[in-house]
Amino acid sequence: MTESKPVLLSGIKPTGDLHIGNYFGAMRQFVELTKEGKYRTFIFVADYHALNTVQNAQEMRQRTRELAMAYLAVGLDPKKVVFFKQSDMPAHTELAWIFDTITTMPYLMRAHVFKDAEAKNKEISVGSFNYPMLMAADILLYDTNIVPVGQDQKQHIEYARDTAEKFNRIFKTDIFKLPEPYVLSEVAIVPGTDGQKMSKSYGNVIPLFASRDELAKCVMSIVTDSSGKRPKNVYEIHTLVRSEDELKKIYEEHHGNYKILKELLIEDLDRYLAPIRAKYESLKDDPNIVEEVLTNGAREARAVSEAKMEQVRRAIGVTI
Ligand code: TYM
1 MTESKPVLLS
11 GIKPTGDLHI
21 GNYFGAMRQF
31 VELTKEGKYR
41 TFIFVADYHA
51 LNTVQNAQEM
61 RQRTRELAMA
71 YLAVGLDPKK
81 VVFFKQSDMP
91 AHTELAWIFD
101 TITTMPYLMR
111 AHVFKDAEAK
121 NKEISVGSFN
131 YPMLMAADIL
141 LYDTNIVPVG
151 QDQKQHIEYA
161 RDTAEKFNRI
171 FKTDIFKLPE
181 PYVLSEVAIV
191 PGTDGQKMSK
201 SYGNVIPLFA
211 SRDELAKCVM
221 SIVTDSSGKR
231 PKNVYEIHTL
241 VRSEDELKKI
251 YEEHHGNYKI
261 LKELLIEDLD
271 RYLAPIRAKY
281 ESLKDDPNIV
291 EEVLTNGARE
301 ARAVSEAKME
311 QVRRAIGVTI
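Counted from 1, the sequence shown has number 174 at position 174 by the working numbering; the numbering is strictly sequential.
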């Protein structure tokens with residue numbers, strides 16, 4: 001890894017069982033992009049973001065371990081990627097505070113997440129309200145150029161860009177680079193079994209590590225809409241694991257026969273996911289692997305984030 005390569009960074013919250021939306025929307029891109037060797041890559045477990053909803057120590061530990069194993073299972077190579085835990089980097093929360101001080105409430109009130117909570121009359125924690133600032137810190141500390149994410153996170157990258165510009169302007173510096181989102185259009189939003197965005201909070205997920213039986217149950221529960229040429233939700237999920245050319249023929253041939261189409265989807269999903277599932281199971285036998293990988297990643301990420309933080313402290317005048 002050389003310093004001159006562009007930087008790729010992304011994170012996932014350890015908030016629940018991973019689903020195929022996380023995988024096709026984000027994780028698969030991390031793996032593919034890092035294989036190319038074009039980027040210096042930082043991938044992290046966003047545990048402090050998850051704290052907004054996971055407020056139980058045992059659960060946090062377990063979810064974090066599972067997420068780290070999942071990253072390894074989908075093919076993330078810790079020799080090529082700096083893989084770490086957000087909470088191991090004090091710089092993230094320190095910088096988030098500094099960003100809070102230059103950010104206004106009306107600006108944060110424009111965030112989709114806040115607007116959704118407001119529309120549903122949900123009480124929102126200060127941590128959730130400030131979420132975009134912690135995320136801006138995550139991204140900007142590493143001179144990130146691209147951030148592979150699903151469509152739902154795009155606005156957060158805009159927040160990071162705006163915040164970088166604002167900080168640079170106020171403190172008359174060029175410390176922060178402007179990051180770009182990287183969203184693959186075909187998997188920008190993976191639909192759930194009810195057709196809405198697949199999301200833990202909607203209860204419409206297909207788990208990434210589901211057994212064949214569980215897969216079958218989830219697929220059978222996919223809501224079919226008979227108004228179009230083909231059942232939209234089934235088809236869209238199917239395109240994740242089989243080419244459209246093949247699918248068009250299959251869906252024409254079995255027009256209206258949802259049972260057969262769903263059975264085919266179960267088979268294709270199972271074939272695609274089986275090796276990932278097997279790798280995940282085998283990682284469970286190595287109790288130290290997660291700690292080892294995260295400790296090494298933390299060492300490297302800390303060197304980068306602390307160096308940036310030192311520049312920030314100088315720029316704002318707290319280093320005398
Ligand atoms: P999180 O944990 O909600 O989701 C992780 C990644 O999965 C993508 N994703 C989807 N993509 C397509 N279709 C879906 N149905 C779907 N559901 C989830 C998300 O877009 C995301 O890329 N805030 C982030 C975590 C984070 C982060 C960061 C990401 C914290 N700091 C810095 C990038 C850079 C989140 O909540 O992801």
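Backbone N, C-alpha and C fix where the C-beta goes; we use that ideal spot for every residue, glycine too.
Computed from a prediction, not measured in an experiment: that's the story for all the values here.
Taking the beta strand (DSSP E) that residue i belongs to, which residues open and close that run?
| i | result |
| --- | --- |
| L9 | V7 to I12 |
| Y182 | E180 to Y182 |
| I98 | Where I98 is concerned, there is no enclosing beta strand (DSSP E), although the alpha helix (DSSP H) it sits in stretches over P90 to T101. |
| P148 | I146 to P148 |
| I43 | R40 to V45 |
Tell me which same chain residues have a C-beta within less than 8 angstroms of the C-beta of residue i, skipping the five on either side of it?
| i | result |
| --- | --- |
| S305 | M89, A91, H92, L141 and Y142 |
| P14 | V45, A46, D47, A50, V54, M60, R63, T64, E66 and L67 |
So, with DSSP's three-state summary, where would you put residue i?
| i | result |
| --- | --- |
| K85 | strand |
| H255 | coil |
| V234 | helix |
| I206 | coil |
| V113 | helix |
| V74 | coil |
| P106 | helix |
| P287 | coil |
| K79 | coil |
| T2 | Residue confidence for T2 is low, a pLDDT of 48 falling below 50, so the modelled location carries little weight; the figure read from the coordinates is stated next. Residue state, collapsed to three classes: coil. |
| K122 | coil |
| K197 | strand |
Can you list, in chain order, the residues of its chain with a C-beta nearer than 6 angstroms to that of residue i? Leave out the 5 residues immediately preceding and following it.
| i | result |
| --- | --- |
| F209 | R277 and Y280 |
| L178 | R161 and A164 |
| L240 | F24 |
| A70 | L18 |
| V82 | F42, G297, E300 and A301 |
For residue i, count the other beta carbons within 10 Å of its own beta carbon; 16 or more makes it buried, fewer makes it exposed. Which is it?
| i | result |
| --- | --- |
| D268 | buried |
| N56 | exposed |
| M1 | Because the pLDDT of M1 is 47, which lies under 50, any placement of that residue in the model is unreliable, and the number read from its coordinates should be weighed accordingly. By the 10 Å Cβ count, M1 comes out exposed. |
| Y202 | exposed |
| M328 | Because the chain is modelled from 1 through 320, residue 328 falls outside the range shown and cannot be assessed. |
| Y107 | exposed |
| Q322 | No information on residue 322 is available, as it lies outside the stretch 1 to 320 that the chain covers here. |
| H19 | buried |
| H49 | buried |
| S10 | buried |
| N204 | buried |
Got a sec? Which residues, its chain only, sit under 7 angstroms from residue i by beta carbon, not counting five neighbours each side?
| i | result |
| --- | --- |
| A137 | H92, L95, A96 and F99 |
| A73 | I276, K279, Y280 and L283 |
First and last residue of the alpha helix (DSSP H) that includes residue i?
| i | result |
| --- | --- |
| R212 | R212 to M220 |
| T34 | R28 to K35 |
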